[in-house]
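Each residue of the sequence shown is one higher than the one before, counting from 0 in numbering that gives the first Met the number 0.
By construction, the Cβ of each residue, glycine as well, lies at the ideal position given by its N, Cα and C atoms.
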Amino acid sequence: MQKLFKEAVNDLRRQPGVVALYLLSSLAILAVYRILAHLLGGGDTPVLPAPAASLLRLALTLYLAVTASAVQAVFLAALGAGIARPLWKYKGWHDALRRFFIPWLILNLLLVTITDICARLMQAEQTDVAATLELLLLAVHMATIPVGGAIMFWGGLEWRELPTALAPLGRFFQWTLLPLAVALLQYMLIELRSVLLEGGGAVTLAGYSATDLPLVLIDLLIFALVWRICLHNQMNPGDNDEDPLDF
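Below you can see the structure in the form of structure tokens.
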């Protein structure tokens, strides 16, 4: 798996412009989200009545899912095209949004919804239920980018073709364990950060913003690993599963 990892890292190094745009866009989205969430929920005294605050929290959650999905659709398509050129192509940002925005939105909505439910359960001190649901959150977190990347490589979301789109991840499951392991590490780092950066205020917000960069970069690494797996699957059809990467 070492060679697969090195190839994925080199893929990111060869496209610094796309990587930088993805990072900057993602960091800006997260910064705006955290500032608004802090303004909405900061302080001991509620700023708004409960119904209005709930609606704004829902709008903020939708903002995060929608904007993140748009960034993933546009910039991951550009990254994927650069990795798999000339075998994989698309027709620009409008084509990327048309084909890939919805699958990313579905995945991101699932992720943020489970995250929000876990947070609410913890606030209500229902720790047993929250702990059980967090296992589901971990599974969804680990699967989001691999599933999204495989759907993108296939060309879009067609429900009847979804098993075929995801087949490379199963066919080369030993390789798929690598992006899953990286996603697990990312999740553990996120949990560690939440423990170390407890509380609110400008210092905490700055700490989150500073640590967002490596976590978002891990997203790109996971995507590049999955893209390489799908590319190898396309270049080696049939029953020949011999490992040319010397794993």
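Check your understanding: Count the other CB atoms within 10 Å of the CB of GLN14; is the residue buried (16 or more) or exposed (fewer)?
Key -> buried
**Study point:** Chain-order list of residues whose beta-carbon lies under 8 Å from that of SER208 (same chain, five-residue window excluded)
**Key:** LEU26, LEU29, ALA30, ARG33
Practice item. Look up ARG13 in the DSSP assignment and say whether it is helix, strand or coil. Key: coil
Check your understanding: Within the chosen definition, does the region 54-66 reach the region 196-204 through at least 3 CB pairs nearer than 8 Å?
Key -> no
Point to revise | Span separating the alpha-carbon of THR44 from that of ALA36 | key: Note that THR44 scores 47 on pLDDT, short of 50, meaning its location in the model is unreliable and no value can be drawn from it.
Review point. Curious, which full-length alpha helix (DSSP H) runs of at least 4 residues does the region 111-185 contain?
Key: 126-153, 161-170
Point to revise | Burial state of ASP97, where buried means 16 or more other Cβ atoms lie within 10 Å | key: Strictly speaking, residue 97 in this sequence is Arg, with Asp absent from that position. It is exposed - the Cβ of ARG97 has fewer than 16 other Cβ atoms within 10 Å.
Check your understanding: So LEU74 and VAL17 are in contact, right, with Cβ under 8 Å, and what is the actual spacing, rounded?
Key -> Per the sequence shown, the amino acid found at residue 74 is Phe instead of Leu. So it is a contact: roughly 6 Å between Cβ atoms.
Exercise for review: Could you pull out every residue in the same chain whose Cβ sits closer than 7 Å to the Cβ of LEU108, ignoring the five residues on either side in sequence?
Suggested key: ALA64
Exercise for review: Determine the closest residue to ALA201 out of LEU38, TRP153, LEU20, PHE4, with distance taken between C-alpha atoms.
Suggested key: LEU38
Practice item. Whole angstroms is fine: what's the gap from ARG170's alpha carbon to PRO50's? Key: 48 Å
Point to revise | Own chain, CB closer than 8 Å to MET141, minus 5 neighbours either side, in chain order | key: LEU179, ALA182, LEU183, TYR186
Check your understanding: Which same chain residues, not among the five before or five after SER68, have their C-beta less than 7 Å away from its C-beta?
Key -> PHE100, TRP103, LEU104, ASN107
Review point. Given ASP10, which residues of its chain have a CB within under 8 Å of its CB, disregarding the five upstream and five downstream residues?
Key: LEU78, GLY81, ILE82, ALA223, TRP226, ARG227
Review point. Using the C-alpha atoms, what's the distance from LEU216 back to ARG12?
Key: 12 Å
Exercise for review: Compare the C-alpha of ALA138 against each of LEU110, LEU20, THR175 and name the closest.
Suggested key: LEU110
**Study point:** Local Cβ density within 10 Å of THR131, reported as buried at 16 or more and exposed below that
**Key:** exposed
Check your understanding: What is the DSSP secondary structure of LEU196, counted as helix, strand or coil?
Key -> coil
Review point. Quick one: Cα of GLN1 to Cα of GLN125, how far?
Key: 42 Å
Exercise for review: Please name the residue in CYS117, GLN122, LEU136, THR143 whose C-alpha comes closest to that of ALA129.
Suggested key: CYS117
**Study point:** Nearest-angstrom Cβ-Cβ length linking TYR21 and LEU219, presumed shorter than 8 Å
**Key:** 6 Å
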